[in-house]
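Everything below concerns the one structure shown next.
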Amino acid sequence: NAGVTQTPKFQVLKTGQSMTLQCAQDMNHEYMSWYRQDPGMGLRLIHYSVGAGITDQGEVPNGYNVSRSTTEDFPLRLLSAAPSQTSVYFCASSRNSNQPQHFGDGTRLSIL
Amino acid sequence: ILNVEQSPQSLHVQEGDSTNFTCSFPSSNFYALHWYRWETAKSPEALFVMTLNGDEKKKGRISATLNTKEGYSYLYIKGSQPEDSATYLCAFWKVGAAGNKLTFGGGTRVLVKP
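Chains A and B, in that order, are what the protein sequence lines are. According to the working numbering, the first sequence holds residues 54 to 165 in order. According to the working numbering, the second sequence holds residues 2 to 115 in order.
What follows is the structure, given as C-alpha cells:
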C-alpha cells in the first residue's frame, strides 16, 4: 500500500539548475497538490490539480511548473533554481475536499 | 479574516493537563475545515475533516468543534501526554472563482512536558 510516493528524498542543486520533483499516488485520487514548508510559515500551496489535464496556481507558484497527464502522477518542475527555493516540499492527494489529504514523505531541497 | 490563522503559535502543557487552541478562517465560501497532526521529521497526518456548522469530532483524547458562521474551530486535547507533542495544523477548503484549494494556517506547536 504505497500511498503517496515522492522522489527524491534529498537533493542539492546549484543556482540556475533545473530539476523535477516526482510525486505519484496509487489511490486514484483526483486532487493533488504541492506545498512547501519553510520555518515559521506552515505549509504554502504552490500548485494543485483537480484531475488529469487540469492544474491551477496556489499561493506561491512563481518559479515552478506542473503538469498532470495522468491521474497518478503530478511532477513539480523547478525551471531555474534559486536559493529562495531551498525548502522541504510535500506532495499530497485526496479524493475530494471532504476527504483528508494524504501526504508524501517530503523532499528536502537545498540550492546553493 | 482573509486567511487561515491559528493561535497561539506555540504552547507548553504539563503532562495530564488539558488544553485547546483556535483556528480562524473566512466564513464565506466555506466548504470544509481540516485538522492535521504533524510530528517533527514526519509528514502531516489527518485528524479530522469537518464540513457542517456545529460539527464535533473526536479521536481518542483529541476533539474538535466547528463554527462556520463565525469562522472558527477549536481543537481540544484532554489529559495531554508527551506523545501529543506535535504541530497541529488546520486547513480551510474554499471553493469559488479563485479556485478549489486547501489553505493551511501556520500551526500551533504543542510541547507536553513530563
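Backbone N, C-alpha and C define an ideal beta-carbon position, used for all residues, glycine too.
Q: Could you tell me if R62/B is buried or exposed, where buried requires 16 or more neighbouring beta carbons within 10 angstroms of its beta carbon?
A: exposed
Q: Taking C-beta pairs closer than 7 Å, name the residues in chain A that K102/B reaches, listed in chain order.
A: L98, Y101 and G111
Q.
Taking only three categories from DSSP, how would you classify S28/B?
A. coil
Q. Since S140/A and L162/A are thought to touch, with beta carbons under 8 Å apart, how far apart are those beta carbons, to the nearest angstrom?
A. 6 Å
Q. Nearest CA to the CA of P83/B: which residue from G17/B, V5/B and N4/B?
A. G17/B
Q: Can you tell me the Cβ-Cβ gap for F105/B and P27/B, rounded? I've got them flagged as a contact below 8 Å.
A: Rounded, the Cβ-Cβ distance is 14 Å, inconsistent with contact.
Q. For K60/B, which option in Y89/B, T69/B, K70/B and F49/B has the closest C-alpha, if you only look at C-alpha atoms?
A. F49/B
Q.
Residues of chain B with CB closer than 7 Å to the CB of F143/A, please, in chain order.
A. S44
Q) Taking the alpha-carbon positions, what's the L37/B to G95/A distance? A) Checking the sequence shown, residue 37/B turns out to be Tyr, not Leu. The alpha-carbon atoms of Y37/B and G95/A are separated by roughly 12 Å.
Q. Which value, in whole angstroms, describes the spacing of the CA atoms of N81/A and Q154/A?
A. 13 Å
Q | Expected contact under 8 Å - CB spacing of Y75/B and T23/B to nearest Å | A | 6 Å
Q. Along chain B, which residues have their Cβ under 9 Å away from the Cβ of N151/A?
A. Y32, A33, V50, T52 and W94
Q.
Looking at the secondary structure, which residues open and close the beta strand (DSSP E) in which Q64/A lies?
A. F63 to L66
Q: Could you tell me which of G72/B, E46/B and N21/B sits nearest to L53/B, measuring between CA atoms?
A: G72/B
Q. Within the 7 Å Cβ cut-off, does D158/A reach chain B?
A. yes
Q. Of all the beta strand (DSSP E) runs that stay within the bounds of the segment 46 to 96 of chain B, which reach a length of 3 or more residues?
A. 46 to 51, 57 to 60, 63 to 68 and 73 to 78
Q. Taking Cβ-Cβ distances shorter than 9 Å, what residues in chain B pair up with G116/A?
A. Under the 9 Å cutoff, chain B gives no residues; its nearest Cβ is about 19 Å from G116/A.
Q. If you draw a straight line from the C-alpha of A33/B to the C-alpha of N151/A, how long is it?
A. 6 Å
Q. Using DSSP with H/G/I as helix, E/B as strand and the rest coil, what is Q70/A?
A. coil
Q) Going by the beta-carbon positions, is the gap between A105/A and R121/A smaller than 7 Å? A) yes
Q: Would you list the one or two residues that DSSP bridges to H100/A?
A: W87/A and Q110/A
**Q.** Beta-carbon proximity of A145/A to L66/A, cut-off 7 Å
**A.** no
Q.
At the 7 Å Cβ level, is G106/A part of the contact set with chain B, yes or no?
A. no
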